[in-house]
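Input: a single structure, listed below in structure tokens.
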Amino acid sequence: VEPLISEAEEYQVDVSEVKTVLEKAKEILSQGDYVNGTYFAKEAEELAKRLSPRLEEERKRRGIAKPTEGICGACGSRKLEFHDDGWGKCLTCDRVFEWSAKREGIKNKLKGFFKP
Numbered sequence: 073v074e075p076l077i078s079e080a081e082e083y084q085v086d087v088s089e090v091k092t093v094l095e096k097a098k099e100i101l102s103q104g105d106y107v108n109g110t111y112f113a114k115e116a117e118e119l120a121k122r123l124s125p126r127l128e129e130e131r132k133r134r135g136i137a138k139p140t141e142g143i144c145g146a147c148g149s150r151k152l153e154f155h156d157d158g159w160g161k162c163l164t165c166d167r168v169f170e171w172s173a174k175r176e177g178i179k180n181k182l183k184g185f186f187k188p
């Protein structure tokens, strides 16, 4: 949930509701109320999932495409799956990774080298 929130914030997508519910879940869990804490954690997860279409749209606008192939950084396998939420998984060693980590694109990476 938190990586989705961070990515959405980078794109200036309103995440206030998700953050509020997630903080409530953390607070309740810290008090030892696992039933209600889990309820609010699942609610935060559902709210975060609703951000996915907007994140996909923003990635597309910024030229960040979901990969179709790659190599696992842990075991070297080419048996990978890529999910629309920005995460992927190696089918050989079960390593989970974020494929959308390079969200900024080349334009923003080079922006600091040039004067405005």
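For the sequence shown, our numbering assigns the number 73 to the initial residue and increments by one for each residue that follows. Glycine included, every Cβ here is placed at the ideal spot set by N, Cα and C.
Counted within 10 angstroms of its Cβ, other Cβ atoms place residue i as buried (16 or more) or exposed
{"i": "GLU170", "result": "exposed"}
{"i": "CYS165", "result": "exposed"}
{"i": "GLY148", "result": "exposed"}
{"i": "SER78", "result": "exposed"}
{"i": "ASP157", "result": "buried"}
Closer than 7 Å to chain C by CB, residue i
{"i": "SER124", "result": "Absent from the structure: chain C. Only one protein chain is present."}
Secondary structure of residue i, DSSP reduced to three states
{"i": "GLU130", "result": "helix"}
{"i": "LYS91", "result": "helix"}
{"i": "LYS98", "result": "helix"}
{"i": "GLY158", "result": "coil"}
{"i": "GLU79", "result": "helix"}
{"i": "GLU118", "result": "helix"}
{"i": "GLU74", "result": "helix"}
{"i": "VAL168", "result": "strand"}
Residue i versus residue j: straight-line alpha-carbon distance, rounded
{"i": "LEU163", "j": "GLY145", "result": "12 Å"}
{"i": "ARG122", "j": "GLU128", "result": "11 Å"}
{"i": "LYS161", "j": "ILE100", "result": "31 Å"}
{"i": "ASP86", "j": "GLN103", "result": "28 Å"}
{"i": "GLU89", "j": "VAL107", "result": "21 Å"}
{"i": "ARG126", "j": "LEU76", "result": "11 Å"}
{"i": "ILE111", "j": "ALA97", "result": "The amino acid at residue 111 is misidentified as Ile; the sequence shows Tyr. Distance between the alpha carbons of TYR111 and ALA97 is about 8 Å."}
{"i": "ALA120", "j": "TRP159", "result": "14 Å"}
{"i": "LEU94", "j": "ASP105", "result": "14 Å"}
{"i": "GLU115", "j": "THR92", "result": "11 Å"}
{"i": "VAL168", "j": "LYS138", "result": "15 Å"}
Member of the options whose CA lies at the smallest distance from the CA of residue i
{"i": "GLU82", "options": "THR92, HIS155, ARG167 and ARG131", "result": "ARG131"}
{"i": "GLU141", "options": "LYS151, VAL93 and LYS114", "result": "LYS151"}
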